[in-house]
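These protein sequence lines map, in sequence, to chains A and E.
For the first sequence, position 3 (counting from the first letter as 1) is numbered 2 according to numbering that gives the first Met the number 0, and the numbering increases by one without interruption.
For the second sequence, position 14 (counting from the first letter as 1) is numbered 13 according to numbering that gives the first Met the number 0, and the numbering increases by one without interruption.
Yeah, the Cβ is synthetic: ideal placement off N, Cα and C, and Gly gets one too.
Please read these numbers as outputs of a predicted model, since none were measured by experiment.
Notes for the one structure printed next.
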Amino acid sequence: MTDDAAQPLSLVLFSGTEDKLQAAAVLTAGAAALGRPVHIFLQYWALDAFRADKIAGNLPLSAEAGPAGAAAVEHARAAGQQPWFATMRDAKDIGEVDIQACSLSMDILNLDADQLDPIVDGVEGVAAFYVNAGEGQVVFI
Amino acid sequence: MTLTETPGAKVTTLDARGLKCPMPIVKTAQAIKTIASGELLEVLATDPGATADFAAWSRSTGNTLVEQTVADDVYRFVLRRK
């Protein structure tokens, strides 16, 4: 009955576009609601989007969105869809969600841990990420 | 409302109408923690994925889906906390 519950899900977030972060937040919240532990590893532009001074700001969409896609996303926002970081916070509220910054990306972007939003739990290297991922699925977004 | 399986059980209602995926399930996961084991949670939702999602969530978390109805494009689920 609860066979799926223990399977961890690991997400590597690379893109800092709003649509991909929204998709990642939906996957995270869904897994958390099912009781699956979620490990999130933040690299490059996704890490930049988790900066405390940027997390609530406007982000671009993926290139494939185009004008029609941008209008659809704007319509969803106007209809009350909550922002991606709020869904991430909800996911942390209901489940076991650990968000770690990639130490190399921290170095490349010249960031200190205290510049990140408190939703980020810490900084780790790729070896720690793989050990925490264990046998579970790894998804790159 | 029938709730014939568990007459007298306390029912809490969560109105998730208008919320898009995954919020009905997220709000349900939050709400189920606020009721005691054996109590019922009634959820109203309009998200078209709700039927599949609530069945899967119930199966995976062990909370029983006691009732499931639809009327006027509103899905209604009754869950018993394990």
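In the DSSP assignment, the alpha helix (DSSP H) including I93 (chain A) goes from what residue to what residue? 83-93
Assuming E76 (chain E) is part of the beta strand (DSSP E), what are its boundary residues? It should be pointed out that residue 76 (chain E) corresponds to Phe in this sequence rather than to Glu. Residues 73-79.
Return the residue from the list E:L18, E:K81, E:G7 that minimises the CA-CA distance to A78 (chain A). E:L18
Mark V119 (chain A) as exposed unless 16 or more other C-beta atoms lie within 10 angstroms of its C-beta, in which case mark it buried. buried
Do you know whose CA, among E:V69, E:L43, E:R80, lies nearest G61 (chain E)'s CA? E:R80
Can you confirm whether R16 (chain E), when its beta carbon is compared against all beta carbons of chain A, has any partner nearer than 8 Å? Cβ-Cβ to chain A under 8 Å: no for R16 (chain E).
Starting from A64 (chain A), trace the beta strand (DSSP E) in both directions and tell me its first and last residue. If you look at A64 (chain A), you'll find it isn't in any beta strand (DSSP E); DSSP assigns it neither H nor E.
Should S14 (chain A) and A45 (chain A) be called a contact, given that it needs their Cβ atoms to be closer than 8 Å? yes
So what's I39 (chain A) in DSSP terms, helix, strand or just coil? In the three-state reduction of the DSSP assignment, I39 (chain A) falls in the strand class.
Chain A contact residues for I24 (chain E), given Cβ-Cβ distances below 7 Å: Within chain A, the residues near I24 (chain E) are G29, A32.
Classify T1 (chain A) as helix, strand or coil using the three-state DSSP reduction. Note that T1 (chain A) scores 49 on pLDDT, short of 50, meaning its location in the model is unreliable and no value can be drawn from it.
Drop a sphere of 10 angstroms on the beta-carbon of T33 (chain E), count the other beta-carbons inside from all chains shown, and report buried for 16 or more, exposed for fewer. exposed
Who does V72 (chain A) pair with in a DSSP beta bridge? As computed with DSSP, V72 (chain A) is found in no beta bridge at all.
Cβ shell of E123 (chain A) (< 7 Å), same chain only, five flanking positions each side left out: Q99, S102
List the residues of chain A that Q83 (chain E) touches, going by C-beta distances under 8 Å, in chain order. Residue 83 (chain E) lies beyond the range of chain E shown here (0 to 81); nothing can be said about it.
Rounded to a whole number of angstroms, what is the C-alpha to C-alpha distance between V96 (chain A) and V37 (chain A)? 5 Å
Could you check where the alpha helix (DSSP H) with D106 (chain A) kicks off and where it finishes? Under the DSSP assignment, D106 (chain A) falls in the alpha helix (DSSP H) whose first and last residues are 102-107.
Examine the Cβ distances between the stretch 47-54 of chain E and the stretch 54-69 of chain A and report whether three or more of them are shorter than 8 Å. no
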